[in-house]
Ligand code: NZQ
Ligand code: ZN
């Protein structure tokens with residue numbers, strides 16, 4: 030049965046070739062006059078997109094400052110640096126040029142500048158909520174995290190290895206410029222990790238014991254099949270524009286709430302467990318999810334059997350006869366095959382990490398601390414469950 034829901038996805042999407050040229054006019058339309066452009070390592074410089082963004086802002090008569098050096102699994106220190114620059118220059122708009130790490134950093138800076146007397150990390154510790162946030166927008170350069178339309182920001186505090194999320198609709202970006210051409214410079218591993226992350230954002234909402242809607246399921250299954258198909262194409266033909274466009278649009282729809290309408294609540298335990306792996310081992314988020322998911326799935330599938338059977342049939346194309354449990358397991362195996370076919374890991378060893386038992390215990394402890402209590406919709410996971418899943422993945 031369908032649950033009541035609210036769908037709020039206010040971000041304006043500007044999609045297609047050359048759309049980044051419009052950024053100056055768009056920022057002006059949304060009232061930005063003093064813009065901090067946030068970017069990552071060197072990819073935005075090398076591709077020229079940073080230059081184009083600065084020129085477009087200048088042509089629109091908008092002053093801009095830059096903050097580069099955001100790293101994947103972005104650091105709190107960079108957020109503080111951005112808040113300092115923002116205060117010194119009376120910044121009133123944040124423009125992220127990059128992927129999830131850059132957009133999440135821009136959101137955190139936007140929170141920090143809107144309430145400059147408070148420590149922004151308190152949001153990520155969940156000891157207070159935000160009452161204001163400066164406007165944020167992005168020029169997206171990687172299809173993956175979905176931060177360009179989501180209400181989420183994920184930041185890592187390096188000294189404590191805490192990677193924490195804060196979700197709030199007031200940070201939803203004003204607009205997202207999405208030019209699939211910009212993703213052609215991605216290393217293959219980042220393209221495929223992005224595909225794994227995009228799929229997982231829908232799978233987190235699909236494997237639920239709450240309500241369901243036929244339309245939401247059809248959207249979710251169609252999205253998953255589309256991303257799988259195009260991830261395989263991009264693995265051998267990374268310059269394929271059509272495939273990049275499909276994946277980029279899926280990235281936003283997968284995490285803007287659309288594939289969760291009518292369900293009671295998503296599961297999201299694969300994400301919570303993976304965030305601890307990112308905090309401790311700095312792994313690429315999508316690859317970390319792929320490495321963990323098979324172990325999570327095999328641990329929980331009996332508690333969410335109808336959904337795993339449906340997934341096997343409608344998403345993974347399992348046609349074999351068998352008991353529900355056998356079909357569910359075949360669906361999980363098929364996803365492992367898919368991960369391998371696009372160069373993604375399906376275990377910690379393949380991911381390149383080998384946590385000790387003590388490190389696994391620590392990740393589980395932190396995951397439970399971040400979750401607040403046993404969480405999950407496919408199956409509620411307590412500390413022992415988390416440890417068991419990490420251990421099962423550790424081969
Ligand atoms: O730093 P540069 O040089 O730009 O290189 C980046 C980085 O190394 C590179 N890259 C990005 N666009 C490129 C490019 N390289 C060449 N050409 C391009 N066009 O890709 C690498 C990864 O970038 P990153 O921004 O980290 O990727 P992604 O979008 O996957 O973001 C991952 C982060 O988002 C968080 C993750 O936990 C992780 O910290 N998430 C955020 C969410 C949200 N805010 O809604 C939800 C997600 O579930 C996720 O947790
Ligand atoms: Zn994710």
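Numbering (this note's numbering), first residue to last: 30 to 424.
All C-beta atoms, glycine included, are put in the ideal place defined by N, C-alpha and C.
Give the C-beta separation of residue i and residue j to the nearest angstrom, bearing in mind that I take them to be a contact with Cβ-Cβ under 8 Å.
| i | j | result |
| --- | --- | --- |
| residue 138 | residue 52 | About 18 Å separates the two Cβ atoms, so there is no contact after all. |
| residue 296 | residue 237 | 6 Å |
| residue 382 | residue 312 | 6 Å |
| residue 66 | residue 105 | Not confirmed; about 20 Å, so no contact. |
| residue 298 | residue 412 | Actually they do not touch by this definition, with Cβ atoms about 13 Å apart. |
| residue 284 | residue 175 | 3 Å |
| residue 134 | residue 97 | Not confirmed; about 11 Å, so no contact. |
| residue 59 | residue 203 | 5 Å |
| residue 372 | residue 221 | 5 Å |
| residue 268 | residue 212 | That belief does not hold up - the Cβ atoms of residue 268 and residue 212 are roughly 10 Å apart, past 8 Å. |
| residue 91 | residue 131 | In fact, because the Cβ distance is near 19 Å, the residues do not count as touching under 8 Å. |
| residue 406 | residue 239 | 6 Å |
| residue 89 | residue 143 | With a Cβ gap of about 23 Å, residue 89 and residue 143 do not count as contacting. |
| residue 256 | residue 229 | At roughly 10 Å, the Cβ-Cβ gap does not stay under 8 Å, so residue 256 and residue 229 are not in contact. |
At what residues does the alpha helix (DSSP H) containing residue i begin and finish?
| i | result |
| --- | --- |
| residue 207 | Careful: residue 207 lies outside any alpha helix (DSSP H), inside the beta strand (DSSP E) at 204-207. |
| residue 31 | Residue 31 -> no alpha helix (DSSP H), and no H or E assigned at all. |
| residue 338 | 334-343 |
| residue 75 | 72-75 |
| residue 393 | 386-400 |
| residue 194 | Taken as a continuous stretch (DSSP letters only), residue 194 belongs to no alpha helix (DSSP H), being part of the beta strand (DSSP E) at 191-196. |
| residue 420 | 412-422 |
| residue 80 | 78-88 |
| residue 359 | 353-370 |
| residue 144 | Careful: residue 144 lies outside any alpha helix (DSSP H) and carries neither H nor E. |
| residue 380 | 377-380 |
With respect to the beta strand (DSSP E) encompassing residue i, which residues constitute its N-terminal and C-terminal limits?
| i | result |
| --- | --- |
| residue 50 | It is not in any beta strand (DSSP E) - residue 50 carries neither H nor E in the DSSP assignment. |
| residue 126 | 122-127 |
| residue 180 | No beta strand (DSSP E) holds residue 180; DSSP gives it neither H nor E. |
| residue 92 | 92-96 |
On the CB-based measure, 16 or more other CB atoms within 10 Å of its CB, does residue i come out buried or exposed?
| i | result |
| --- | --- |
| residue 85 | buried |
| residue 107 | buried |
| residue 414 | buried |
| residue 244 | exposed |
| residue 208 | buried |
| residue 366 | exposed |
| residue 350 | exposed |
| residue 117 | exposed |
| residue 75 | exposed |
| residue 145 | exposed |
| residue 36 | exposed |
| residue 216 | exposed |
| residue 300 | buried |
| residue 33 | exposed |
| residue 384 | buried |
| residue 231 | buried |
| residue 234 | buried |
| residue 346 | exposed |
| residue 271 | exposed |
| residue 119 | exposed |
| residue 247 | exposed |
| residue 45 | exposed |
| residue 103 | buried |
| residue 226 | buried |
Does residue i come out as helix, strand or coil in the three-state DSSP assignment?
| i | result |
| --- | --- |
| residue 102 | coil |
| residue 59 | coil |
| residue 297 | coil |
| residue 172 | coil |
| residue 37 | coil |
| residue 236 | coil |
| residue 157 | coil |
| residue 214 | helix |
| residue 313 | coil |
| residue 163 | coil |
| residue 327 | helix |
| residue 201 | coil |
| residue 348 | coil |
| residue 43 | strand |
| residue 66 | strand |
Determine, for residue i, whether the minimum Cβ-Cβ distance to residues of chain D falls below 7 Å.
| i | result |
| --- | --- |
| residue 355 | Of the protein chains in this structure there is only one, and it is not chain D. |
- prompt: Taking the runs of the alpha helix (DSSP H) that are 4 residues or longer, which of them lie wholly in the segment 240-272?
  reply: As far as the segment 240-272 is concerned, its whole alpha helix (DSSP H) runs of at least 4 residues are 243-265.
Just to be sure I understand the criterion: a residue counts if its Cβ is closer than 6 Å to at least one heavy atom of the ligand HEM. Which residues meet that?
Of the ligands one can find in the structure shown, namely the ligand NZQ and the ligand ZN, none is the ligand HEM.
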